[in-house]
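Protein chains in written order, with my numbering: chain A, 1 to 534; chain B, 1001 to 1366. Glycine is no exception: its CB is placed at the ideal position from the N, C-alpha and C atoms. All values derive from a computational prediction rather than experimental measurement. This report concerns only the one structure given below.
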Amino acid sequence: MARFTFPLTYPRTVMTSAPDTALSGKVLAADGTPLKRSLNRALRRQKLRALALIAPLLIFVLVTFIAPIGDMLFRSVENQIVPDNLPETIMRLESWDANGNEMPGEDVFEGMYVDLALAAEKKVHTRVGSRLNYEESGMSSLFRKTGRKVSRFETDAYEDALRALDPIWKEPATFADLFQNAEVAAALPFAARTWKRWSTFVTEEGDDPRTQKLEPYLSAALYYDLRDNDVPASAPAHLKAADALAAEITPVALIPEFLDAEEDWADAGNWRVIQTYAGNYTNGYFLNSIDMMKGVDGAEMRPENERLYITLFVRTMIMSLVITGSCILLGYPVAWILANLPARTANMLMILVLLPFWTSLLVRTSAWKIMLQQQGVVNDTLVWLGIVANDGRLALINNQTGTIIAMTHILLPFMILPLYSVMQTISPTYLRAAKSLGANNWTAFWRVYFPQSVPGIGAGSILVFILSIGYYITPELVGGTKGVFISNRIAFHISSSLNWGLAAALGAILLAVVLLLYWAYDKVVGIDNVKLGG
Amino acid sequence: MADSHAEDAFVEFDRVQKSYDGENLVVKDLNLSLPKGEFLTMLGPSGSGKTTCLMMLAGFETATHGDIRLDGQPINNIPPHKRGIGMVFQNYALFPHMTIAENLSFPLEVRKMGKAQREAKVKHVLEMVQMGEFGGRRPSQLSGGQQQRVALARALVFEAELVLMDEPLGALDKQLRETMQFEIKRIADNLGITVVYVTHDQTEALTMSDRVAVFEDGRIQQLAPPDQLYESPENSFVAQFIGENNTLEGTVKEIKNGIALVQLDGGGLIDCKPVNVTKAGERTRVSIRPERVEFDKTRLHADAHTLKAEVLEFIYMGDIFRTRLRVAGKEDFIIKSRNAPDQVRLEPGSEIEIGWLAEDCRALDA
Ligand SMILES: Nc1ncnc2c1ncn2[C@@H]1O[C@H](COP(=O)(O)OP(=O)(O)O)[C@@H](O)[C@H]1O
Ligand SMILES: [Mg+2]
């Protein structure tokens, strides 16, 4: 009810409640509620309706755009696969001196044995290997091959010994009950953690750990704990017996087993990589993106021959600038003509400008291949005209020239359209005024017309530059090796090398560069100086 | 025509024609010459070719035929920027990306004038148009009237001897327009510049100009000082266009002693001054100003012809009374009388007799 009376009483209310303002500091509506609240209530409905109208787009953008970008940014620093799967190794590597060239001792191999065996059972050891392989090649095969052989290590000996001692050790329930006892679990932490990881995995697979066949590394972990720690008084008798036994068994040497499987385990460099990439999050992808890596003493440059990305970033920037520049040079006169022609003719010609949009990008790019190749139309014409010698045909494709030519052509409409729409709003009387004031044609253009067309150049340049920075099909097709962009590398990492973290980091840097340029543009030219339409 | 002689002409149009499309002449045989220091207004309905004339003078359009001379020199082949003609555009055309001071300094810069001198001139001209404090603003931060002043200043700052203005006050409200009319006239007189001014507002033309050229359909219908134009229109277009006017149609009965006797189509005989009629039997349209109509018989010649009229409407307008009459079958005959203590207020419905001095009633072309 109040809502309906409100608008009617609004002016009177303001008048009559004016003295209230002085007293209470609040203007009251007719029904006694503060005017502000009444107004808000009246506006809320409008706001909700507006929100409902944009909701579909908002949700669409959130789901398809913002969320993936967030995911990408997350991926560029995320490293959980290593700490998730190699926790025992990482823990033991902490005290290892990475600076020495010595490989780690037996204890680290014990951790690695359990981690790797569990990972192999989960079938994730190859993924861990691939992840580490991004940082050090060879890691992938190291993990793959060893993962295959880890089940054939001599470590069954521990299991056999326990079972020989007491058949109860054959029962998975024995282990399950054992670690229910908090005191035991605390005394035998390695075994307890290993049991927990294994039983969690088994449960996830839909099986019951109390009946599942036991894996040898469970007994191995138990043995290592019994060897190193004392069992508490509350421990069951079979555990006390096993503890006594542990002192007598000769341990299986793991280093030879590992080296037998794959001798690269002796390489301290590999262990260093694991130690370096032990965290849940890493800046490694980002370092990699700028040709750096995590060395022993923090970040350092990669060796000369492995550097790639800075060159690519710089090349992408420079070539995008060149493309933007050529689009301005070619597009400005066209837009000018269009803006100064009668509307009918201008519309006709505008269709020609837009014509490239009507052919597929691939077709156009392939056409450029035919045009620009050594035996192509352009070279033939130049030879025929005698401008270049037959044996001196120009290399116009599969290099930077090819990329610049083709991209300029493809992006030209994005320059012409905003230029045209801005120029259309510049009245020709300004030029006349300038001339009547004594300016010759050039001065009138440069001092009066051009500055007013700058917003169009700005809008067109932002469009062309941002589009070209992220372009990848055309450089891929006509760029050869010297004419590819950073986006080609991103695409490569996404679809071929599957190093999504690096791709994400490269993408994030690209995004940051674009935002930075946008910010710089805003500072220099002013973003409200950009006009996309009249 | 009461033209000035060609020898002392500063601006001269000599048989100028202009066509945009090669089919229609927008300007037909324009002859016009004005001496230095004159304020000449081109007045005419929209589309009558005024702007075209101005643009030809400024150099933005070329004459299809004929010569335009400035100070005796043909300027057909001189590009606009070398003509040194100041120009004020209807929408001011102030450069939006420059401050007021930069706008004003622009014509001086392109003339390669030193910085100190430029600044002095800009300051001076800004003060002349009373815009001294606004040098640092952008055009968009000024009101229409202020922009108008700046546009004027910009046309004057490089000391052009000839300034063209194309409906410069068209976008202003009435009060501002009147102030600016006075202001422009004052400045032009002080500087002694020659002005060609275009407007479609006859009051503006009459109050500002030394002479007015009435345009219609690409021709000058009459070129005369304002008072002559008002009191002695040479044809019925000018009579209609300038000021309020009563028109009656009829046939000349006889012309005797410089007075034409006209038989009106709606009945009645009247005395007129023959302007465009020469002999009996010609059709004519007679024109009489509302304030020259007399309805007090005692103030007319005893033998003057009079017409019967019926009062239809009486409108009190403060300084004047405006009365609408039915005369010779027409219901839009207006008379105006001054609001004086002894003035009669005519009652609607009453029958009166009206008359006038023969020289106030002009027998023009039909
Ligand atoms: N650039 C042009 N192209 C073609 N016709 C034009 C052009 N400028 C004016 N005209 C025509 O010429 C005639 C006179 O126009 P103009 O000189 O602008 O008249 P005014 O200024 O008296 O209103 C008009 O009929 C107009 O349509
Ligand atoms: Mg005009």
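Return the residue from the list A:Asn340, A:Ala335, A:Asn398 that minimises the CA-CA distance to Val353 of chain A.
-> A:Ala335
CA-CA distance, Asp537 of chain A and Leu259 of chain A?
-> A question about residue 537 of chain A goes unanswered here, because the residues of chain A that appear run from 1 up to 534.
Does the stretch 420-432 of chain A come close enough to the stretch 454-465 of chain A that 3 or more CB-CB pairs lie under 8 Å?
-> yes
From A:Ala120, A:Glu476, A:Ala459, A:Leu412, pick the residue whose C-alpha is nearest to that of Asp528 of chain A; which is it?
-> The candidate whose alpha carbon is nearest that of Asp528 of chain A is A:Ala459.
Any residues in the stretch 285-303 of chain A with a beta carbon nearer than 9 Å to a beta carbon of chain B? Which ones, in chain order?
-> none
Could you tell me the boundaries of the beta strand (DSSP E) in which Thr1323 of chain B lies?
-> 1320-1327
Is any heavy atom of ligand 2 found at a distance shorter than 6 Å from the C-beta of Thr1199 of chain B?
-> no
Beta carbon proximity, Arg1118 of chain B to chain A, threshold 7 Å | no
Would you list, in sequence order, the uninterrupted alpha helix (DSSP H) runs of no fewer than 4 residues that lie entirely inside the stretch 155-197 of chain A?
-> 156-165, 172-180, 182-187
What do you reckon, are the CB atoms on Ala1260 of chain B and Phe1039 of chain B nearer than 7 Å?
-> no
Just jot down, in chain order, the residues whose CB lies closer than 6 Å to any heavy atom of ligand 1.
-> Those satisfying the condition are, in chain order, B:Tyr1020, B:Val1026, B:Gly1044, B:Ser1046, B:Gly1047, B:Ser1048, B:Gly1049, B:Lys1050, B:Thr1051, B:Thr1052.
Taking only beta-carbon positions, decide if Arg344 of chain A is within less than 7 Å of chain B.
-> no
Strand pairing of Gln1073 of chain B, partner residues [DSSP] = BP columns for Gln1073 of chain B point to B:Leu1070.
Just the chain A side, please: which residues come within less than 8 Å of Ile1085 of chain B by C-beta, in chain order?
-> Those are Ser436, listed as they occur along chain A.
Spell out a yes or no on whether the stretch 193-208 of chain A and the stretch 226-242 of chain A are touching, meaning 3 or more CB-CB pairs, one atom from each, closer than 8 Å.
-> As far as the Cβ criterion goes, the stretch 193-208 of chain A does not touch the stretch 226-242 of chain A, which means the pair count is below three.
Inter-residue Cα distance where the pair is Lys1273 of chain B and Val1238 of chain B = So the alpha carbons of these two residues sit roughly 16 Å apart.
By a C-beta neighbour count over all protein chains shown, 10 Å radius and 16 as the cutoff for buried, is Arg197 of chain A buried or exposed?
-> buried
Based on the DSSP output, what are the partners of Gln1222 of chain B in its beta bridges?
-> B:Val1214
Hey, how far is the Cα of Ala187 of chain A from the Cα of Trp195 of chain A?
-> 14 Å
Could you run through the stretch 36-56 of chain A and flag, in chain order, every residue whose CB is less than 9 Å away from some CB of chain B?
-> Considering only beta carbons, no part of the stretch 36-56 of chain A lies closer than 9 Å to chain B.
In the DSSP assignment, find the alpha helix (DSSP H) that holds Pro413 of chain A and state where it starts and stops.
-> 400-424 is the extent of the alpha helix (DSSP H) around Pro413 of chain A.
Figure out for me which residue from A:Asp166, A:Ser76, A:Asp264 has the closest Cα to the Cα of Glu136 of chain A.
-> A:Asp264
To the nearest angstrom, how far is it from the Cα of Ala1363 of chain B to the Cα of Glu1249 of chain B?
-> Using only the alpha carbons, I get a separation of about 9 Å.
Three-state class that DSSP yields for Gln1263 of chain B in the structure shown | strand
Taking 7 Å as the cut-off, decide whether the C-beta atoms of Ser436 of chain A and Met1087 of chain B are in contact.
-> yes
At what residues does the alpha helix (DSSP H) containing Arg45 of chain A begin and finish?
-> 35-61
Could you check what DSSP says for Met1131 of chain B in three-state terms: helix, strand or coil?
-> coil
Near-chain B residues of the stretch 410-439 of chain A - C-beta to any C-beta below 8 Å = Ser427, Thr429, Tyr430, Arg432, Ala433, Ala434, Lys435, Ser436, Leu437, Gly438, Ala439
If you measure from the beta carbon of Pro451 of chain A to each beta carbon in chain B, is any gap under 7 Å?
-> yes
For Met15 of chain A, which of helix, strand or coil comes out of DSSP?
-> Residue placement at Met15 of chain A is poorly supported in this model, since its pLDDT is 41, which falls under 50; the coordinates still yield a value, given next. In the structure shown, Met15 of chain A sits in a helix (DSSP, three-state: H, G or I).
Stretch-stretch touch, CB-based, cutoff 8 Å, three pairs: the stretch 150-161 of chain A with the stretch 270-290 of chain A | no
Could you tell me whether the Cβ of Thr403 of chain A comes closer than 7 Å to any Cβ of chain B?
-> no
Cβ pair Thr443 of chain A, Val1026 of chain B closer than 7 Å = no
Is Asp1166 of chain B buried or exposed, if buried means 16 or more other CB atoms sit within 10 Å of its CB?
-> buried
In the structure shown, what three-state DSSP assignment does Pro1274 of chain B receive?
-> strand
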